[in-house]
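Chemist: Residue numbers (our numbering): 2 to 127.
The structure is reproduced here in structure tokens:
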């Protein structure tokens, strides 16, 4: 079981989610109402699939659901000593980790499904 890449990706997501939620509360002193209010905001990027070409929508979704942007935001928050920006970055990272824990990963430009996590559980044929 632990040798399956999809299981490892989900366990990794569980660790990231746990660490982020703990950091949000204990280090950043975040409030749960703020966490709840912003937790689903990154999913607005799914609206791109209703309005845009699949390739553009996948690019938008992947940009929002990659750890790169929230980590850059967290770095900016640290440099500026801005706890609110740090809280937003933590909520964003928690959202991404939660999605990945559920099996929702990055999208391929050809179609909405499968995601990179769902594809990781499939052994490629010769």
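We put the CB at the ideal spot given by N, CA and C, even for glycine.
(1) Can you grab the Cα-Cα spacing for the pair residue 69 / residue 31, in whole Å?
(2) Would you be able to state if there are at least three C-beta pairs under 8 Å between the stretch 76-83 and the stretch 9-19?
(3) Beta carbon of residue 27, beta carbon of residue 88: below 8 Å?
(4) Considering only their Cβ atoms, is the gap separating residue 107 from residue 67 smaller than 8 Å?
(5) From the DSSP output, in three-state form, read off residue 105 for me.
(6) How should residue 93 be labelled, buried or exposed, when 16 other C-beta atoms within 10 angstroms of its C-beta is the threshold for buried?
Modeler: Taking the definition as stated:
(1) Residue 69 and residue 31: Cα-Cα distance of roughly 22 Å.
(2) Too few Cβ pairs lie closer than 8 Å, so no.
(3) For residue 27 and residue 88, no; Cβs fall outside 8 Å.
(4) One thing to note: residue 67 has its Cβ within 8 Å of the Cβ of residue 107.
(5) Annotated three-state conformation of residue 105 is coil, per DSSP.
(6) So residue 93 counts as buried.
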